[in-house]
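Enquirer:
Protein chains: 4
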Amino acid sequence: MIVVMDEGATEAQIQAVIDRMVEMDFNVHRSTGMVHTVLGGVGPEEEIDPTAFEVLDGVKECHRIMSAYKLANRHFRPAGTIVKVGNVEIGGPRVVIMAGPCSVESRDQILLSAEQVARAGATVIRAGAFKPRSSPYSFQGLGEKGLQMMREAADTHGLLVVSEVMDSSQIPLMLQYVDILQVGARNMQNFNLVRELGKIRKPVLLKRGIAATIDELLLSAEYILSGGNYDVILCERGIRTFETSTRNTMDISAIPTVKKLSHLPILGDPSHGTGRRDRVLPMARAAVAAGADGLLVEVHPDPDRALSDGAQSLRPEQFAELMDQLRIIAPAVGRTI
Amino acid sequence: MIVVMDEGATEAQIQAVIDRMVEMDFNVHRSTGMVHTVLGGVGPEEEIDPTAFEVLDGVKECHRIMSAYKLANRHFRPAGTIVKVGNVEIGGPRVVIMAGPCSVESRDQILLSAEQVARAGATVIRAGAFKPRSSPYSFQGLGEKGLQMMREAADTHGLLVVSEVMDSSQIPLMLQYVDILQVGARNMQNFNLVRELGKIRKPVLLKRGIAATIDELLLSAEYILSGGNYDVILCERGIRTFETSTRNTMDISAIPTVKKLSHLPILGDPSHGTGRRDRVLPMARAAVAAGADGLLVEVHPDPDRALSDGAQSLRPEQFAELMDQLRIIAPAVGRTI
Amino acid sequence: MIVVMDEGATEAQIQAVIDRMVEMDFNVHRSTGMVHTVLGGVGPEEEIDPTAFEVLDGVKECHRIMSAYKLANRHFRPAGTIVKVGNVEIGGPRVVIMAGPCSVESRDQILLSAEQVARAGATVIRAGAFKPRSSPYSFQGLGEKGLQMMREAADTHGLLVVSEVMDSSQIPLMLQYVDILQVGARNMQNFNLVRELGKIRKPVLLKRGIAATIDELLLSAEYILSGGNYDVILCERGIRTFETSTRNTMDISAIPTVKKLSHLPILGDPSHGTGRRDRVLPMARAAVAAGADGLLVEVHPDPDRALSDGAQSLRPEQFAELMDQLRIIAPAVGRTI
Amino acid sequence: MIVVMDEGATEAQIQAVIDRMVEMDFNVHRSTGMVHTVLGGVGPEEEIDPTAFEVLDGVKECHRIMSAYKLANRHFRPAGTIVKVGNVEIGGPRVVIMAGPCSVESRDQILLSAEQVARAGATVIRAGAFKPRSSPYSFQGLGEKGLQMMREAADTHGLLVVSEVMDSSQIPLMLQYVDILQVGARNMQNFNLVRELGKIRKPVLLKRGIAATIDELLLSAEYILSGGNYDVILCERGIRTFETSTRNTMDISAIPTVKKLSHLPILGDPSHGTGRRDRVLPMARAAVAAGADGLLVEVHPDPDRALSDGAQSLRPEQFAELMDQLRIIAPAVGRTI
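Line order of the protein sequences matches chains A, B, C and D. Heads up: the first sequence runs through residues 1 to 337, numbered per my numbering. Heads up: the second sequence runs through residues 338 to 674, numbered per my numbering. Heads up: the third sequence runs through residues 675 to 1011, numbered per my numbering. Heads up: the fourth sequence runs through residues 1012 to 1348, numbered per my numbering.
(1) Could one say the Cβ of L1230/D lies closer than 8 Å to chain C's Cβ atoms, at least one of them?
(2) Within this structure, are the beta carbons of I1003/C and V973/C separated by less than 8 Å?
(3) Nearest to D978/C by CA position, among V835/C, D841/C, C776/C, I929/C, is which residue?
(4) Per DSSP, A773/C forms a beta bridge with which residues?
(5) Kindly identify the DSSP beta-bridge partner or partners of E1013/C.
(6) Give the residues of chain A in contact with V709/C, contact being defined as C-beta atoms less than 7 Å apart.
(7) Closest to R357/B by CA distance: which of V372/B, V340/B, T369/B, H373/B is it?
(8) With a threshold of 8 Å between beta-carbons, can S705/C be considered close to chain A, or not?
(9) According to DSSP, is R1338/D helix, strand or coil?
(10) From which residue to which residue does the beta strand (DSSP E) around R367/B run?
(11) Spell out whether any CB of chain A is found under 8 Å from the CB atom of F727/C.
(12) Need the endpoints of the beta strand (DSSP E) that Q856/C sits in, please.
(13) On the premise that I1263/D lies in contact with I252/A, defined as a C-beta separation below 8 Å, what is that separation, rounded to the nearest angstrom?
(14) Under the three-state reduction of DSSP, which class applies to G1152/D: helix, strand or coil?
(15) Near K1294/D, what residues of its chain come up, given a Cβ to Cβ distance below 7 Å and the 5 sequence neighbours on each side ignored?
(16) For D1352/D and I1136/D, what's the separation of their Cα atoms in angstroms?
(17) Which of the three DSSP states, helix, strand or coil, is assigned to S1174/D?
(18) Report back the beta-carbon spacing between T1013/C and R1287/D to the nearest angstrom; my notes put them in contact at under 8 Å.
(19) Taking DSSP as the reference, what is the three-state secondary structure of G1239/D?
(20) So who's on the other strand from I570/B, going by DSSP bridges?
(21) Quick check on Q662/B - is its C-beta less than 8 Å from some C-beta in chain C?
(22) Short check: CB of I561/B to CB of L534/B, under 8 Å?
(23) Any beta carbon of chain C sitting closer than 8 Å to that of R652/B?
(24) From the DSSP output, which residues share a beta bridge with E382/B?
(25) Taking L197/A as part of the beta strand (DSSP E), name the residues at either end of that continuous run.
(26) Name, going along the chain, the residues of the segment 1252 to 1269 of chain D whose beta-carbon falls closer than 8 Å to a beta-carbon of chain A.
(27) Do the segment 227 to 235 of chain A and the segment 54 to 63 of chain A make contact, defined as three or more Cβ pairs closer than 8 Å?
(28) So G1091/D and H412/B are in contact, right, with Cβ under 8 Å, and what is the actual spacing, rounded?
(29) Per DSSP, what are the beta-bridge partners of N1084/D in this structure?
(30) Are the CB atoms of D952/C and V1066/D within a distance shorter than 8 Å?
(31) Run through DSSP, which three-state label would T493/B get?
(32) Between I1013/D and chain B, is there a C-beta pair that is closer than 8 Å?
(33) Rounded to whole angstroms, what's the CA-CA distance from R825/C to M675/C? Just pull it up for me.
(34) When the Cα atoms are used, what is the spatial distance from M823/C to G774/C?
(35) Starting from I90/A, trace the beta strand (DSSP E) both ways and give me its first and last residue.
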């Protein structure tokens, strides 16, 4: 930790800060500059809030040196993590495509979806059985029945299943049906949930919250990792900004940033990232070109009649077109599809 | 619902949109302009996503006319809601002050806190027993023991208790000890939690998420109201913006905006809103001057040694000074403290 | 400057950074920690971009210690600056109210405006003669004729004049008519303009850009101060955030933040800060309660027929009501109106 | 224009709005709904501010139907604009690469830069002679001498020249030396400047401001187009968000959005978009994959010793590597490099 004292900080103020650091078990190195005195502290940094020093009299600013996350840090596994599920490897040389409708709506719909996305080249089917909806009056999902239908559809077409878990009480049920448990953006900082997911031994797909910094995303991953579950997959799905022409602003730069800071694989979700079907292809291509380990894409057999998120779901033929484009792009980043 | 067709939209495109609206049970009124054709629709608006129309060919934009929330709408109770808890009225002529430490740390600490805030004029004590923390390595709260201590401290000093519930499984426990259940900013869109809180009959204090629009805040309130629990209190506690000199940007304008759109009372939380003790007094005064129905303020007997959020906790004497300032300001908005 | 090396940075990487620092004329102090090596540098900090070090191999992060602004820094004048114009003091015990229409529209309109705002207690009239408009098809102002009318109206009613200068070529003209030259939010980083304003000897009112941090606002002030013009008045007028219920989010916390970092006076502009007449009163009260040195408020004799910004202009009777409320609030912060 | 009246709006309120619309020369169509009365208006929409209606009593919201920009609208030239400069076509099948150092620093530096970027495949050299810098103490550029050097370097290596104009007074000088005049992000809403650029007959490269919506970008383009200069090239270069791990958040989705709304070509600037050399390659690839008509990239012979923006400048060998990657990606979007 580094504390920079104000220009004109008094000796008494400096000493008070040193005393406080010592009391908190920091070893202190004082460097008295012409303008600013700087105090370096070695100690229990992960427990302190830099602002707690910044509000002390005579302090200009305080910086934490150690990353707040350890197990999610690139240094923990410099070679990078490959999450293996069945015969799919996420984080390896192949870009993994997870596709499917927003919600499971019926047996026929999910069976047809599975067939369509499998044929185009997806290896994982995505769909929701429990839906977090902004309004209490919107369709809330089919629940366990939906999970059963999705499992059947996936097995029929040789796919894996990823689906969202909304509450820690749903974990046992989810474990019966899905291969990857997804944590939605709104639950990224539901700490009860992520702590519980640290105790299971199935991969977790953790989506970035719409107002979460990358550091906060990695801290939420740390909750899961510190429980002993090392199979965490991250996902960029758009952040909230002032721009309103798309629902969210998909932060493509998060992909190389996560690659630098962490060993965990990262996907892009151009469907939620844009909220509009006509922006999904460009942003899906951009995510792969930027180095994403995979994509999460909404595809629906008949998007205009989808019970949720139809506006951002691709038609099956658009998805097939996208896959063709991605096959051209992947070699530019040393990958295959 | 209003759908504006593009300049140059073809008759076939216009007809396809009309067909889609009819299929969704809308009555359609077509107005063919020189440049833009406009389609007005009366029907099940709350179930549609305007973007679903915006991605149709030839559509320029689509606007929902009805508010997505009904029970939270000002029109539902034009006179405004007063939430009564014990002999405290939130939303009435008196500005209600809820104060106390971030976390319950010990019996002595919370007893002393209660004494200090009661003496200065607070009527509700606030403190956390379950703490949502960004890092898994931070202090996570005392749990039920903390709730017991807080109840005792409140009763000793004639205060009510507000404390955060983090998960629906904690509701029965909370109901034994607290008078108002608080939903934290990170859980504003934990829809399982807010739905369950609609089933209880104790007031809920719902904090705005750091990336939530006011419409989304009111939709989350709608989850609670639609369950039959009408005692909802809102709270502005800072949104995330590009500015980094404070932890969040406290959106004071949310106070008059909520007053216009909704009948529910709204508090300001200058502690989380700024993250720094030295900004709390100005922002607390600003919130009351802007018409807030009350404040949620962190006060700690010894903030430098607080186990959480010490940086944003007032010292007891600062809190007393604040109360004196608020007594001057309140009459400017026709209130008392 | 402080450079924190990555966990696992090699000796060669550390040495390369030290060599680079020495080449840039920094004295370097090396502190070799268990995890992170930290390099402290004393030298020409104002000329370096911390990112230039952050992209070097093995570097985790780099912090500048010295503030980038010097003359705008609180330490330059700890007692605070009072800008004197005629018999008005901005930054002194009296809260200064500058009010008037968005644009000068006619001689009658500005004479009536001056009379109305003077009667209610304003001491400075504000209005635009050159208008920056997002659309080339909107009213662009009356130019010099407008300045003449405003001067006459001000003199008739004993007011000072503040008006916006949009381009450095307009400065000589403005100097003939106005007492305070205003730099609009869109021009805050028009460095040619602010540099030229450093050469004049009339006060400059510098508005914060809608995406400018407070550090950037103070750096733009530094351009003016470093030219020798010390009479700079800052103004918070709303920043751009994700919230759309108001045009901008007025960042009231900028007021105490500027007070801490700088000696320059700061005003609040609730008209641009909200964009809606019905939010102006609450936000004007909030700004004064938070410690603003004054307000800039749009008032129009007939806002519904204003040629620009009518939506955010107060009616004269609303302005008088506001002044009465502010007279109650000001004593809470030790001020008068 | 569409005005939606509040639930419970009185007849008198509705009539007052109609009267106001009529007074403003709108033809009004009234549609009286069960809940909301809706007023459609055909008239001088470009001159009205929807908020002016939203603050009237009984009004819920007001939407403008017509786009505020006309000449920049896709409908004005559905086939898209190709800007031709020398033998370079921007907006055509070839992705155009503009590269070079942030600033001209010396004759040798710019000659070497031109040689390096030309060899790798760029067709336009970019560099600044007048530099907008946040701090008055930073390097401000070589001025006319820099322009001369750049012209010579470009001519020697068969390149075109793009460089930034900071003020309308610099236009005549720029016209002597450059092929494309660039408007920087900070000047996007310097309306004096863009209006003057409408009068010249050389292409203008208009960069999006860091807090500008796409609508505002197109409105600034409209200033230039409405002056009769149709050769406008847009550029996405990062917007300001809450995320701090990159200087800006490059909004890749702006590329397909601009393509849909406007006929003007759009470039991506991954150097300013990220502020960090190690993010430039991924984001440059992403921009081309998303459909950008070209790139603006900073390349410096020795970035560690650059006088400005070294942190975001590529080394020449990195630029050559990027060009190789782009040659793989371009066919995925039907383009060549």
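Idealized CB from N, CA, C, for every residue including glycine.
Expert: In short:
(1) Counting from 1 along the fourth sequence, the entry for residue 1230/D is found at position 219. Answer yes: the Cβ-Cβ gap between L1230/D and chain C drops below 8 Å somewhere.
(2) Indexing the third sequence from 1 puts residue 1003/C at position 329. Indexing the third sequence from 1 puts residue 973/C at position 299. Contact flag unset, no.
(3) Locating residue 978/C in the third sequence gives position 304, where the first residue counts as 1. With distances taken between Cα atoms, D978/C lies closest to C776/C.
(4) Taking the third sequence and counting its residues from 1, the one referred to as residue 773/C is at position 99. BP columns for A773/C point to I799/C, V971/C.
(5) Here chain C has residues from 675 to 1011 only, and residue 1013/C is not among them.
(6) By 1-based counting over the third sequence, the position of residue 709/C is 35. Ordered by position in chain A, the residues that pass the 7 Å Cβ test against V709/C are M66.
(7) Along the second sequence, one-based indexing puts residue 357/B at 20. Answer by Cα proximity: V340/B.
(8) For the purposes of this step, residue 705/C is taken as the residue at position 31 of the third sequence. Yes - at least one Cβ of chain A is within 8 Å of the one on S705/C.
(9) Taking the first residue of the fourth sequence as position 1, residue 1338/D is located at position 327. In the structure shown, R1338/D sits in a helix (DSSP, three-state: H, G or I).
(10) As a working note, residue 367/B is residue 30 in the second sequence. Element bounds for R367/B: 364 to 369.
(11) Sequence index remark: in the third sequence, residue 727/C carries index 53 (1-based). False, the Cβ-Cβ gap to chain A never drops below 8 Å.
(12) Within the third sequence, the letter at position 182 stands for residue 856/C. From DSSP, the beta strand (DSSP E) with Q856/C extends over 854 to 857.
(13) The residue labelled residue 252/A in the question sits at position 252 within the first sequence. The residue labelled residue 1263/D in the question sits at position 252 within the fourth sequence. Yes, they are in contact, since the Cβ atoms of I252/A and I1263/D sit about 5 Å apart, within 8 Å.
(14) By one-based count along the fourth sequence, residue 1152/D stands at place 141. Looking at G1152/D - three-state DSSP - the assignment turns out to be coil, as it is neither helix nor strand.
(15) By 1-based counting over the fourth sequence, the position of residue 1294/D is 283. The sequence as given places Met at residue 1294/D; Lys does not occur at that position. Once the five neighbours on either side are set aside, the close Cβ partners of M1294/D are M1261, P1281, G1284, T1285.
(16) Absent from the structure is residue 1352/D, since the part of chain D shown begins at 1012 and ends at 1348.
(17) Taking the first residue of the fourth sequence as 1, we reach residue 1174/D at position 163. In this structure, S1174/D counts as strand in the three-state DSSP scheme.
(18) A query on residue 1013/C cannot be resolved here, the shown segment of chain C reaching from 675 to 1011 and no further.
(19) The count along the fourth sequence starts at 1 and reaches residue 1239/D at position 228. In this structure, G1239/D counts as coil in the three-state DSSP scheme.
(20) Position 233 of the second sequence holds residue 570/B. I570/B pairs with L542/B.
(21) Counted from its first residue, the second sequence places residue 662/B at position 325. Q662/B counts as touching chain C.
(22) If you number the second sequence from 1, residue 561/B lands on position 224. If you number the second sequence from 1, residue 534/B lands on position 197. Yes, these two residues count as a Cβ contact at 8 Å.
(23) In the second sequence, counting from the first residue as 1, residue 652/B sits at position 315. Not one chain C Cβ lies under 8 Å of R652/B.
(24) Here residue 382/B corresponds to residue number 45 of the second sequence, with the count starting at 1. E382/B is not bridged to any residue.
(25) Translated into positions along the first sequence, residue 197/A becomes position 197. Element bounds for L197/A: not the beta strand (DSSP E) but the alpha helix (DSSP H), 191 to 197.
(26) T1252, F1253, E1254, T1255, S1256, T1257, T1260, M1261, D1262, I1263, S1264, A1265, I1266, P1267, T1268
(27) no
(28) Working through the fourth sequence from its first residue, we reach residue 1091/D at position 80. Working through the second sequence from its first residue, we reach residue 412/B at position 75. Not a contact, Cβ separation roughly 47 Å.
(29) Residue numbering aside, residue 1084/D sits at position 73 when the fourth sequence is read from its first letter. Looking at the DSSP assignment, N1084/D forms a beta bridge with S1273/D.
(30) Reading the fourth sequence from its first residue, position 55 is the one you call residue 1066/D. Reading the third sequence from its first residue, position 278 is the one you call residue 952/C. Taking 8 Å as the Cβ cut-off, V1066/D and D952/C qualify as a contacting pair.
(31) Locating residue 493/B in the second sequence gives position 156, counting from the first residue. Of the three classes helix, strand and coil, the one that applies to T493/B here is helix, per DSSP.
(32) Against the fourth sequence, residue 1013/D aligns to sequence position 2. I1013/D counts as touching chain B.
(33) Residue numbering aside, residue 825/C sits at position 151 when the third sequence is read from its first letter. Residue numbering aside, residue 675/C sits at position 1 when the third sequence is read from its first letter. About 50 Å.
(34) Taking the third sequence and counting its residues from 1, the one referred to as residue 823/C is at position 149. Taking the third sequence and counting its residues from 1, the one referred to as residue 774/C is at position 100. About 13 Å.
(35) Here residue 90/A corresponds to residue number 90 of the first sequence, with the count starting at 1. Taken as a continuous stretch (DSSP letters only), the beta strand (DSSP E) holding I90/A covers 88 to 90.
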